[in-house]
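Engineer: Structure provided below as C-alpha cells; questions to follow.
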Amino acid sequence: MICNEKMYALGSKRSVIRELFEYGKMRKAAVGEENVFDFSLGNPSVPPPPEVKETLTRLLLTPNETALHGYTSAQGDKSVRETIAKNYEKAFGFSFDPDLLYMTCGAAASLTISLNAIVKDESDEIVTFAPFFPEYRVFTEKAGATLVPVAPAEGLDIDLDALKKALTNHTRAVIINSPNNPSGVVYSQEKLEAVAKILSDASDTFGRPIYLISDEPYRALVFDKKPSCLPLLYKNTIVCYSYSKALSLPGERIGYIAISPLADEAQETYLAVCGAGRALGYVCAPSLFQYLVKECDEMTADIGVYRANRDRLYGALTEMGFECAYPSGAFYLFMKSPTGDASELSEAAKKMDILVVPSDSFGCAGYVRIAYCVSPEMIERSLPAFKKLAGVFFKK
Ligand code: PLP
C-alpha cells in the first residue's frame with residue numbers, strides 16, 4: 417500500500433456507532449421511520465436557541481462581508497476570546513486570560529490540538545476514566561502516546577485507588593469528561609477534588625506536572641446540579657470546550673481550548689497549542705461562528721427536553737428491571753446487560769428495532785449506550801418495545 421496503513425485502517429473501518437446508524441437508515445426505509453427506535457447517535461435533537469438564528473441573520477446582513485468571512489488571528493478573534501473569558505468568570509468565578517485561549521473547530525479539534533501540544537515522546541501515557549469517548553484512543557495514538565484507561569468504581573464513578581495505580585512517571589495527562597459520554601454520569605465535586613489532590617501528589621512524586629484535560633462538550637447539559645469548575649480545583653488544567661451540544665451546533669465546528677493561567681509554564685503550553693494548531697492545519701476556527709459565539713456564549717439550547725426524556729426513560733427502564741447508572745447530564749443512558757454481554761443485549765434490542773450501541777468500544781464491557789437525544793414521542797413509542805426486550809431477559 418502506498419498510503420499510510422494506520423490511516424487507511426482508521427478510514428476504512430466504520431465505528432460501531434456509525435455502523436448501527438447506517439443499519440437504522442436501511443431499516444427505516446424497509447419498515448417505516450416510526451417503527452425504528454434509533455438511539456445510536458449523539459446528534460442534538462433540540463434546535464439552537466432562537467437567538468442563534470437572529471444573530472446569524474444580523475451578522476450576515478453586516479455591510480462588511482469581507483471582514484466577516486475573512487481570516488481572524490490564528491488563535492481566534494481577540495474580542496471573541498475576551499468575551500468568553502469574561503462570561504466564564506461570571507459563571508464560575510475563575511478568570512481565564514484571553515491570551516491563553518485558542519478558538520477551535522469543536523471539542524475533537526480541542527483535544528487533538530491539546531494532546532499534540534503536550535505529548536513529548538512515545539513513552540508518554542494519557543490516562544482516562546472508563547467508560548470513555550472512543551476517539552480518545554485515536555487522538556492519543558495520533559499524538560504519539562498510549563491511552564491508559566482506568567476501570568470505573570460502582571455506579572460508573574471514578575475509582576480513586578485505580579487512578580493512583582494508573583499514574584506513573586510516564587503520565588503526561590489525564591483526560592476527564594463530566595458529564596460523561598457514554599454514561600451521562602456527572603462526577604461529584606468531592607470526587608473531582610480528590611482527583612485534583614491525587615494529580616498534585618503524583619506530579620510532586622514523579623517530578624513533572626501532570627496536565628488535566630477537561631473535555632467539556634456537555635458542560636451546559638447538567639440537569640440536577642451546577643457543573644464543577646476544574647480550573648478552580650487543579651492548576652494544570654486545560655479546558656476543551658465545544659458549542660456542539662450546548663448550542664446544538666455540531667455541524668458548525670466551533671469550540672475552544674483554555675489553558676489555566678495558574679498552570680506551570682502556561683505561556684509555553686499555550687504557544688505549544690498554537691504550534692500544534694498550526695501543524696495540524698487548525699488555525700482560524702470558522703470566523704462567522706466565532707462572531708456568533710461571542711454573542712451566544714452564555715445561552716444554552718432547551719435542555720428541558722433532554723431532562724424530560726431522561727426522567728421518562730430512566731424511570732421506565734429501571735421499573736422494567738434494567739439497571740442504569742443515574743445520568744445527571746449529557747443525553748446518554750448506560751444500561752447494564754442482564755447477562756453481562758453487551759452484544760447479546762444490543763442484538764436482542766435490534767430484533768425489536770431498538771438501536772443501542774454495545775459498550776465495548778467505550779472501554780467498558782457489559783452495557784449498551786442509549787442516546788436519548790430524540791423526540792419525546794419516539795421515547796413513548798419505544799417503551800412497548802423495551803418492555804418486550806425486558807421480557808426476553810427477566811422471565812417471570
Ligand atoms: N468529546 C466527547 C466526550 C464527545 O461526546 C464528543 C462528541 O460527541 C466530542 C468530544 C467531540 O465534539 P465536537 O463535535 O465538538 O468535536
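Quick note on the numbering used here: the sequence shown kicks off at 417 and runs consecutively.
Glycine residues also receive a C-beta, built at the ideal position from the N, C-alpha and C atoms.
Would residue 594 be called buried (16 or more neighbouring beta carbons within 10 Å of its own) or exposed?
Structural biologist: So residue 594 ends up on the buried side.
Engineer: Looking at the unbroken beta strand (DSSP E) that takes in residue 617, where does it start and where does it end?
Structural biologist: Here residue 617 belongs to no beta strand (DSSP E); instead the alpha helix (DSSP H) covers 605–622.
Engineer: Taking just the CA atoms, how far does residue 769 sit from residue 808?
Structural biologist: Each residue's alpha carbon lies about 14 Å from the other.
Engineer: Would the beta-carbon of residue 591 fall within 8 Å of that of residue 631?
Structural biologist: In this structure, residue 631 lies closer than 8 Å to residue 591 by Cβ.
Engineer: With three or more C-beta pairs closer than 8 Å as the rule, is the segment 686–703 touching the segment 543–552?
Structural biologist: Short answer: they don't touch.
Engineer: Verify the contact flag: residue 631, CB atom, against every heavy atom of ligand 1, threshold strictly below 7 Å.
Structural biologist: Yes, the Cβ of residue 631 comes within 7 Å of a heavy atom of ligand 1.
Engineer: Does the distance from the C-beta atom of residue 673 to that of residue 656 stay below 8 Å?
Structural biologist: It is a contact, given that the beta carbons lie within the stated cut-off.
Engineer: What are the start and end residues of the beta strand (DSSP E) that includes residue 541?
Structural biologist: Unbroken beta strand (DSSP E) run through residue 541: 541–545.
Engineer: Just the Cα atoms here: how many angstroms apart are residue 430 and residue 439?
Structural biologist: Between residue 430 and residue 439, the C-alpha separation is close to 12 Å.
Engineer: Mind checking which residues open and close the beta strand (DSSP E) that includes residue 565?
Structural biologist: Here the beta strand (DSSP E) through residue 565 covers 562–566.
Engineer: How about residue 627 and residue 654: do their beta carbons lie closer than 8 Å?
Structural biologist: Closer than 8 Å, so yes.
Engineer: Does the beta-carbon distance from residue 806 to residue 736 come in below 8 Å?
Structural biologist: Cβ distance < 8 Å, so residue 806 and residue 736 count as in contact.
Engineer: So the beta strand (DSSP E) residue 750 belongs to, where does it begin and stop?
Structural biologist: Taken as a continuous stretch (DSSP letters only), the beta strand (DSSP E) holding residue 750 covers 748–752.
Engineer: Please report the Cβ distance between residue 701 and residue 521, rounded to the nearest whole angstrom; I am assuming they are in contact, meaning their Cβ atoms lie under 8 Å.
Structural biologist: With 8 Å as the limit, residue 701 and residue 521 qualify as a contact, their Cβ atoms being about 5 Å apart.
Engineer: Roughly how many angstroms separate the alpha carbons of residue 624 and residue 583, rounded to a whole number?
Structural biologist: Their backbone Cα atoms lie some 12 Å apart in a straight line.
Engineer: Applying the criterion that 16 or more other CB atoms from any shown protein chain within 10 Å of the CB defines a buried residue, is residue 428 buried or exposed?
Structural biologist: Classification of residue 428: exposed, given that the 10 Å Cβ count is below 16.
Engineer: I think residue 588 touches residue 536, with their Cβ atoms under 8 Å apart; what is that distance to the nearest whole Å?
Structural biologist: Going by Cβ atoms, the distance from residue 588 to residue 536 rounds to 7 Å, so yes, they are a contact pair.
Engineer: Hey, would you say residue 573 sits closer than 8 Å to residue 602, going by beta carbons?
Structural biologist: Taking 8 Å as the Cβ cut-off, residue 573 and residue 602 do not qualify as a contacting pair.
Engineer: At which residues does the alpha helix (DSSP H) containing residue 734 begin and terminate?
Structural biologist: Looking at the DSSP string, the run of the alpha helix (DSSP H) that includes residue 734 is 720–736.
Engineer: Across the segment 704–721 and the segment 754–768, are there enough close Cβ pairs to call them in contact, namely three or more that are closer than 8 Å?
Structural biologist: These segments do not touch.
Engineer: Relative to the C-alpha of residue 554, which candidate in 533, 524 and 571 has its C-alpha closest?
Structural biologist: Cα-wise, what sits closest to residue 554 is 524.
Engineer: Can you give the beta carbon distance from residue 791 to residue 488, rounded, assuming they're within the 8 Å contact cut?
Structural biologist: Rounded, the Cβ-Cβ distance is 37 Å, inconsistent with contact.
Engineer: What ranges does the beta strand (DSSP E) occupy inside the segment 664–722, keeping only unbroken runs of at least 3 residues that lie completely in it?
Structural biologist: Qualifying beta strand (DSSP E) stretches, in chain order: 671–675.
Engineer: Among 685, 569, 774 and 566, which one has its Cα closest to the Cα of residue 436?
Structural biologist: Looking at the Cα atoms, 774 is the closest of the given residues.
Engineer: Could you give the first and the last residue of the continuous beta strand (DSSP E) run that contains residue 630?
Structural biologist: 627–632 is the span of the beta strand (DSSP E), which, as asked, contains residue 630.
Engineer: Using a threshold of 7 Å, is the CB atom of residue 643 nearer than that to any non-hydrogen atom of ligand 1?
Structural biologist: Not under cutoff, so the answer is no.
Engineer: Between which two residues does the beta strand (DSSP E) containing residue 578 stretch?
Structural biologist: Looking at the DSSP string, residue 578 is not in any beta strand (DSSP E); the run it does join, the alpha helix (DSSP H), is 576–582.
Engineer: Tell me which residues share the same chain as residue 578 and place their Cβ nearer than 7 Å to its Cβ, disregarding the 5 neighbours each side in the sequence.
Structural biologist: Cβ neighbours of residue 578 beyond the five flanking positions: 566 and 567.
Engineer: Is there contact here, the segment 739–752 with the segment 502–518, by at least three beta-carbon pairs under 8 Å?
Structural biologist: They do not touch, by the three-pair rule.
Engineer: Taking its Cβ as the centre, do 16 or more other Cβ atoms sit within 10 Å of residue 447, making it buried, or is it exposed?
Structural biologist: Result: exposed.
Engineer: Mind checking who residue 745 pairs with in its DSSP beta bridge?
Structural biologist: DSSP output for residue 745 lists 638 as bridge partner(s).
Engineer: Among the residues of its own chain, which have a CB less than 8 Å from the CB of residue 725, if the five just before and after it don't count?
Structural biologist: 747, 788, 789, 790, 792 and 795.
Engineer: Taking the alpha carbon of residue 765 as the reference point, which residue from 745, 803 and 732 has its own alpha carbon closest?
Structural biologist: Nearest of 745, 803 and 732 to residue 765, Cα basis: 803.
Engineer: Please classify residue 495: does DSSP put it in a helix, a strand, or coil?
Structural biologist: Three-state DSSP puts residue 495 in a helix.
Engineer: Under 7 Å from any heavy atom of ligand 1, does the C-beta of residue 756 make it?
Structural biologist: Not under cutoff, so the answer is no.
Engineer: Under a Cβ-count criterion, where at least 16 other Cβ atoms within 10 Å of its own Cβ denotes burial, should residue 671 be classed as buried or exposed?
Structural biologist: Buried, since its Cβ has 16 or more Cβ neighbours within 10 Å.
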